[in-house]
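Following: one structure in structure tokens, then a few remarks.
2 protein chains.
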Amino acid sequence: MLSKKTKYGLKALAYLAVQPKNQPVQIAEISMHENISQKFLESILLSLRKTGFLGSKKGKGGGYYLIKPPSEIPLTGVMRVLEGPIAMVPCVSLNFYEQCSDCPDEASCSVHKLMLQIRDSTLNVYRTTTLQDLLV
Amino acid sequence: MLSKKTKYGLKALAYLAVQPKNQPVQIAEISMHENISQKFLESILLSLRKTGFLGSKKGKGGGYYLIKPPSEIPLTGVMRVLEGPIAMVPCVSLNFYEQCSDCPDEASCSVHKLMLQIRDSTLNVYRTTTLQDLLV
DNA sequence: ATTTTAATCTATAAAAACCATAGAGTTAGA
DNA sequence: TCTAACTCTATGGTTTTTATAGATTAAAAT
Numbered sequence: 157m158l159s160k161k162t163k164y165g166l167k168a169l170a171y172l173a174v175q176p177k178n179q180p181v182q183i184a185e186i187s188m189h190e191n192i193s194q195k196f197l198e199s200i201l202l203s204l205r206k207t208g209f210l211g212s213k214k215g216k217g218g219g220y221y222l223i224k225p226p227s228e229i230p231l232t233g234v235m236r237v238l239e240g241p242i243a244m245v246p247c248v249s250l251n252f253y254e255q256c257s258d259c260p261d262e263a264s265c266s267v268h269k270l271m272l273q274i275r276d277s278t279l280n281v282y283r284t285t286t287l288q289d290l291l292v
Numbered sequence: 157m158l159s160k161k162t163k164y165g166l167k168a169l170a171y172l173a174v175q176p177k178n179q180p181v182q183i184a185e186i187s188m189h190e191n192i193s194q195k196f197l198e199s200i201l202l203s204l205r206k207t208g209f210l211g212s213k214k215g216k217g218g219g220y221y222l223i224k225p226p227s228e229i230p231l232t233g234v235m236r237v238l239e240g241p242i243a244m245v246p247c248v249s250l251n252f253y254e255q256c257s258d259c260p261d262e263a264s265c266s267v268h269k270l271m272l273q274i275r276d277s278t279l280n281v282y283r284t285t286t287l288q289d290l291l292v
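Protein sequence lines, in the order shown, are assigned to chains D and C. Taking the numbering used here, the leading residue of the first sequence gets 157, the next gets one more, and so forth. Taking the numbering used here, the leading residue of the second sequence gets 157, the next gets one more, and so forth.
Here it is as structure tokens:
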């Protein structure tokens, strides 16, 4: 299941992507427009800022804005920040690899083989889709 | 993330798939061989039996066995039983469709569009892969 | 019939993840 | 200096996941 965090994050990014002249938008506006709990959205936007997707401006007329044009933001990075590893199992993760404690041999593991395929096909979508492609 | 339930279930199915003459295997044997908590495995195998993937025999010489040959078991069904809906969001699910409460219009929802693509590419893997393909 | 073996069922609880809120602090602009 | 808006820390509640305990039922062997 997709977490609310990711869902809200993507919606917020898409909302920011259609702003004229990429002007800063306040949390409150995004939260109202997209039906998202404001406090929760705060923490999500904060993590997107810390990871370099968003910029922010404090004070009057401030808000959040995209740092790069939507067409230059592939979803791989966004998804890793919001949802975590793309792989469904650590032993096939490119960025978060971990050995399975219960599994003596990866090469002969049936789950490993399957999840490798799933990772590749999912990754292929995220790599070839940018934020621009999500806009109406 | 893939749940332990699914991981264990797949391993158990693969283990059963390589049994000579498809003979019944006891829970205890699978649990030992695959490093799975026996009680937990019990409930997993039970649900696989109830959904028609496994048969069981009680008493001495009993155990669980595959009902169909591995090559005739696409992973779509198995995954739906073990892991639940394949879609990451109910509004793009074929078998478990549900409207999003927070989303006024599916057609213009950025998350919807993306998750539709992910569902299709994932489904494509599960549909074209059978239990047979997971064996070494 | 009785005993043994092994699946089945019900209930429950520990652990982790997820979602959300509260409130104080900080920064920037007017 | 006042106010608007982001930043940070902490915390609580709910749900899901994982696991365990114990009693029951069914089949086979004796």
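We treat Cβ as the ideally placed atom computed from N, Cα and C, and that holds for glycine.
Along the segment 172-240 of chain D, the beta strand (DSSP E) occurs as fully enclosed runs of 3 or more residues at 210-213, 219-222, listed in sequence order. Fewer than three Cβ pairs drawn from the segment 258-275 of chain D and the segment 194-201 of chain D lie within less than 8 Å of each other, which leaves the two stretches out of contact.
Between the alpha carbons of Pro246/D and Leu279/D lies a gap of roughly 15 Å. Annotation for Leu270/D: the continuous alpha helix (DSSP H) segment containing it runs 266-284. The three-state secondary structure of Cys256/D, taken from DSSP, is coil.
The alpha-carbon separation between Leu270/D and Leu166/C amounts to approximately 10 Å. Using a Cβ distance threshold of 8 Å, Gly217/C and Pro180/C count as a contacting pair. Under the three-state reduction of DSSP output, Val248/D falls in the helix class. If you draw a straight line from the Cα of Gln182/C to the Cα of Met188/C, it is about 10 Å long. For the C-beta of Gln175/D, not a single chain C residue is nearer than 9 Å; the gap to the nearest is close to 14 Å. Annotated three-state conformation of Asp261/C is coil, per DSSP.
Taking the beta carbon of Ala184/C as reference, no residue of chain D falls within 9 Å; the closest one sits roughly 17 Å away. Following the DSSP letters along the chain, one finds Leu290/D inside the alpha helix (DSSP H) bounded by residues 287-290.
Within 10 angstroms of the beta-carbon of Met244/C lie 16 or more other beta-carbons, which makes it buried.
Residue-level contact check: Met157/C touches chain D, since one or more beta carbons of chain D fall below 8 Å from its beta carbon. For Glu239/C and Gly219/D, the gap between their C-alpha atoms comes out near 40 Å.
For the segment 191-207 of chain C, the residues whose beta carbon sits under 8 Å from a beta carbon of chain D are, in order, Asn191, Ile192. Around the beta carbon of Thr162/C, 16 or more other beta carbons sit within 10 angstroms, so the residue counts as buried. In this structure, DSSP gives Ala243/C a state outside helix and strand, which the three-state scheme calls coil. Residues of chain C with a Cβ closer than 7 Å to the Cβ of Lys167/D are, in chain order, Ser266, Val267.
Between Pro230/D and Arg283/D, the C-beta gap is smaller than 8 Å, which places the two residues in contact. Around the beta-carbon of Phe209/D, 16 or more other beta-carbon atoms lie within 10 Å, marking it buried. For a Cβ distance threshold of 7 Å, nothing in chain C lies close to Met188/D: the least Cβ distance comes to about 12 Å.
Residues of chain D with a Cβ closer than 8 Å to the Cβ of Ser277/C are, in chain order, Ser277, Thr278, Asn280, Val281. Taking the Cα of Leu287/D as reference, the smallest distance to any Cα among Glu254/D, Leu158/D, Thr232/D is reached at Thr232/D. Linking Ser227/D to Leu172/D through their CA atoms gives a straight-line distance of about 13 Å. Under the three-state reduction of DSSP output, Leu158/D falls in the coil class, being neither helix nor strand. Ser266/C counts as buried, since no fewer than 16 other beta carbons sit within 10 angstroms of its beta carbon. In this structure, the beta-carbon distance from Val237/D to Ser264/C does not fall below 8 Å.
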